[in-house]
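Beneath this line is the structure, given in structure tokens, with notes to follow.
Number of protein chains: 2
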Amino acid sequence: MENKVIFGIDLGGTTIKMGLFGTEGESISDWEIPTRTEGAGRYILADMAEAVKKTVAERNIAGQDVLGIGLGVPGAVVDESLVAQAVNLGWKDVDAGNELSQYTGFPVAVGNDANVAALGESWLGGGKGFKNMLLVTLGTGVGGGIIVDGRILTGSIGAGGEIGHMHIEDNETEPCGCGNYGCFEEYASATGAVRVAKRVLAESREESALRMTNFTCKDLFDAAANGDVVAKKAIAKYGDYLGKGLAICASVLNPEAIVLGGGVTKAGNILIDLLKPSFNKCVFPPCRDVTWALATLGNQAGIVGAAKLILDKVSR
Amino acid sequence: MENKVIFGIDLGGTTIKMGLFGTEGESISDWEIPTRTEGAGRYILADMAEAVKKTVAERNIAGQDVLGIGLGVPGAVVDESLVAQAVNLGWKDVDAGNELSQYTGFPVAVGNDANVAALGESWLGGGKGFKNMLLVTLGTGVGGGIIVDGRILTGSIGAGGEIGHMHIEDNETEPCGCGNYGCFEEYASATGAVRVAKRVLAESREESALRMTNFTCKDLFDAAANGDVVAKKAIAKYGDYLGKGLAICASVLNPEAIVLGGGVTKAGNILIDLLKPSFNKCVFPPCRDVTWALATLGNQAGIVGAAKLILDKVSR
Chain A
18 MENKVIFGID
28 LGGTTIKMGL
38 FGTEGESISD
48 WEIPTRTEGA
58 GRYILADMAE
68 AVKKTVAERN
78 IAGQDVLGIG
88 LGVPGAVVDE
98 SLVAQAVNLG
108 WKDVDAGNEL
118 SQYTGFPVAV
128 GNDANVAALG
138 ESWLGGGKGF
148 KNMLLVTLGT
158 GVGGGIIVDG
168 RILTGSIGAG
178 GEIGHMHIED
188 NETEPCGCGN
198 YGCFEEYASA
208 TGAVRVAKRV
218 LAESREESAL
228 RMTNFTCKDL
238 FDAAANGDVV
248 AKKAIAKYGD
258 YLGKGLAICA
268 SVLNPEAIVL
278 GGGVTKAGNI
288 LIDLLKPSFN
298 KCVFPPCRDV
308 TWALATLGNQ
318 AGIVGAAKLI
328 LDKVSR
Chain B
18 MENKVIFGID
28 LGGTTIKMGL
38 FGTEGESISD
48 WEIPTRTEGA
58 GRYILADMAE
68 AVKKTVAERN
78 IAGQDVLGIG
88 LGVPGAVVDE
98 SLVAQAVNLG
108 WKDVDAGNEL
118 SQYTGFPVAV
128 GNDANVAALG
138 ESWLGGGKGF
148 KNMLLVTLGT
158 GVGGGIIVDG
168 RILTGSIGAG
178 GEIGHMHIED
188 NETEPCGCGN
198 YGCFEEYASA
208 TGAVRVAKRV
218 LAESREESAL
228 RMTNFTCKDL
238 FDAAANGDVV
248 AKKAIAKYGD
258 YLGKGLAICA
268 SVLNPEAIVL
278 GGGVTKAGNI
288 LIDLLKPSFN
298 KCVFPPCRDV
308 TWALATLGNQ
318 AGIVGAAKLI
328 LDKVSR
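Residue numbers (our numbering), protein chains in the order written: chain A, 18 to 333; chain B, 18 to 333.
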């Protein structure tokens with residue numbers, strides 16, 4: 018397999034990240050091309066194919082040495098090929114796998130981008146060595162990906178692992194983006210952390226650096242690090258929600274490892290300290306012994322996971 | 018494959034159910050032998066092997082026609098062989114798969130009994146045709162099994178699918194059997210239904226057939242069917258808990274089908290009607306479109322699922 022290569026592609030609404038890898042995941046090259054969303058995204062796959070073929074030609078790669086192309090897309094994916102919907106791209110029922118394979122002549126495997134990132138983290142990132150793993154991405158929203166026996170849990174229509182919309186709170190008056198009330202994302206995202214902190218502020222009379230400012234999640238964690246009493250209360254409360262939600266997931270899935278990614282994890286290992294008390298309280302005791310880790314691949318997780326997706330497909 | 022047979026065995030604390038099947042799951046014969054739990058369960062596997070060998074001899078089955086033996090055990094199972102613990106049997110770290118294989122000379126695959134039952138229901142029962150399925154068993158407790166792409170989600174130590182101990186309620190003062198507070202099982206089991214009803218009764222001043230009697234889950238559903246107003250309120254509340262818990266599972270797993278089994282399902286399809294309002298309210302909207310079914314295999318689910326477990330193993 019020493020001369021064999023794979024392409025890992027992470028398709029976003031603005032740019033397409035592309036990576037060329039060896040079969041052990043060693044990076045040979047990576048680059049970006051713009052995402053052309055005009056015309057309901059009809060040029061995207063052709064642009065991608067062009068970039069792949071150009072790389073193959075420039076590097077004098079023999080066609081039989083390309084094992085295939087893995088592709089992560091921001092939408093629901095069925096059967097590793099059909100993208101039912103990807104709103105940011107304008108796609109609806111696009112058979113991305115078969116189309117890209119026809120354009121290039123190489124095998125293609127397609128997955129949801131959050132799930133593919135989870136696969137990347139379980140292969141070479143924070144979850145390396147764990148075949149049963151949950152990746153939680155704490156950013157503007159909460160994304161997730163579940164790896165079972167080394168493979169993505171896709172679910173019926175590709176919504177497997179969308180733990181941001183798991184119901185965790187009965188008494189919520191503000192709706193989530195999905196229309197429901199009390200979703201995990203309403204508390205555990207960066208936006209959620211600010212929401213939780215605003216409520217803690219409103220219920221407290223103590224002085225706080227956060228009072229009267231339009232603060233961000235980073236401001237909140239910074240204030241807590243500086244000893245701000247209200248901010249410390251707020252991040253403890255944030256940890257309670259995070260721990261409760263992850264305890265629910267762990268009781269259902271019994272993962273070996275839970276890997277935290279996304280912008281909120283810039284706060285570092287303190288997040289794990291914050292979530293543990295409520296995690297330990299709520300989780301089914303036999304599932305308590307989980308390895309905690311932070312994601313390590315950053316925005317490379319998508320191309321690495323995509324490479325693994327096709328590697329698994331061609332070796333089945 | 019027409020002459021090939023498989024054994025499916027469901028090991029319980031009192032009896033061992035045994036089944037002989039064809040490769041399409043057609044039942045050739047089934048019978049029971051007692052479970053000898055004395056001596057920390059040391060005779061169980063030998064007894065089982067004896068029964069298998071006797072059947073093979075009596076039916077003149079050629080050794081090469083036996084594809085293998087599937088076995089469901091009431092405990093945590095790792096790597097389809099090692100039983101970490103099975104309290105009812107007295108087992109601790111019993112390598113059941115390898116031992117039974119040595120006794121019989123046939124390949125063996127071992128799984129947790131609830132998970133194996135889920136596999137059975139997804140193969141030939143209420144979840145037939147669905148490769149992504151959740152089985153929930155509503156009995157004295159709440160058990161579960163998750164099928165992903167046709168295979169059991171085992172988890173790290175075999176506790177995958179133990180959804181009875183998923184945290185669904187923050188304000189609970191009575192502990193669950195596992196020691197936590199607010200587990201799904203505290204509301205959704207038969208015992209939980211009675212607990213919920215007693216609370217509804219205590220908060221109501223209306224006449225009810227349930228008042229001052231020591232009622233069961235069946236009495237509760239019977240009273241509701243007879244128009245008892247308090248019982249109707251109570252089963253509606255029971256449905257709210259059931260729907261909320263299953264919505265959480267569905268948001269994480271995105272199953273095609275949810276199959277309800279266990280004693281409580283003797284109440285019939287009304288259960289599905291009762292849980293739907295809260296399920297629809299709490300579930301992530303893309304995961305709402307689930308097929309609902311009742312389990313159909315009853316106490317045969319274990320031997321059927323065990324047969325499928327070994328069939329999958331030998332055909333991999």
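A virtual CB, placed ideally from N, CA and C, is assigned to each residue, including glycine.
B/P192 is bridged by DSSP to B/Y198. B/M65 sits in a helix when the DSSP states are folded into three classes.
By the CB criterion at 8 Å, B/A310 and B/V331 fall outside the cutoff. Per DSSP, A/Q119 lies in no beta strand (DSSP E); the unbroken alpha helix (DSSP H) holding it starts and ends at 113-121. Counted as a single uninterrupted DSSP element, the alpha helix (DSSP H) harbouring A/P294 occupies residues 287-299. Counting along the chain, A/G262 sits inside the alpha helix (DSSP H) bounded by residues 246-270. Residues of chain B with a Cβ closer than 7 Å to the Cβ of A/I265 are, in chain order, M183, H184, I265. Setting aside the 5 residues that flank it on each side, B/F123 is surrounded in the same chain by V83, G85, I86, each with a C-beta closer than 6 Å to its C-beta; the list follows chain order. Listed along chain B is no residue with a C-beta nearer than 7 Å to that of A/L62; the closest approach is about 24 Å.
A residue is called buried once 16 or more other Cβ atoms fall within 10 Å of its Cβ, and A/K109, having fewer, is exposed. Against chain A, a Cβ distance below 7 Å from B/C195 picks out F301, P302. Per the Cβ contact rule, the region 138-154 of chain B is not in contact with the region 182-189 of chain B (fewer than 3 Cβ pairs under 8 Å).
Annotation for B/K34: the continuous beta strand (DSSP E) segment containing it runs 32-39. With fewer than 16 other beta carbons inside 10 angstroms of its own, A/R222 counts as exposed. For B/A93, the closest of B/E191, B/A131, B/R53 by C-alpha to C-alpha distance is B/A131. The criterion of a C-beta distance shorter than 8 Å is satisfied by B/A176 and A/F301. Separation of the CB atoms of A/Y258 and A/A205 is rounded to 6 Å, and the pair is thereby assigned contact status at 8 Å. When the beta-carbon positions are compared, B/A267 and B/V321 stay at least 8 Å from each other. Within the same chain, Cβ atoms closer than 8 Å to the Cβ of A/T157 are found at S206, A207, T208, G280, the five residues on either side in sequence being excluded. Our two residues, B/R305 and A/V104, have alpha carbons roughly 19 Å apart in a direct line. Distance between A/W48 and A/K34, taken at the CA atoms: about 6 Å. The Cβ neighbour count for B/M65, taken over all protein chains shown within 10 Å, is at least 16; the residue is labelled buried. Checking the DSSP bridge columns, you'll see A/T154 partnered with A/G160, A/G278. Looking only at A/A241, A/N231, A/R216, A/K250, the smallest Cα-Cα distance to A/T190 is reached by A/R216. Beta-bridge partners assigned by DSSP to A/K70: none are found.
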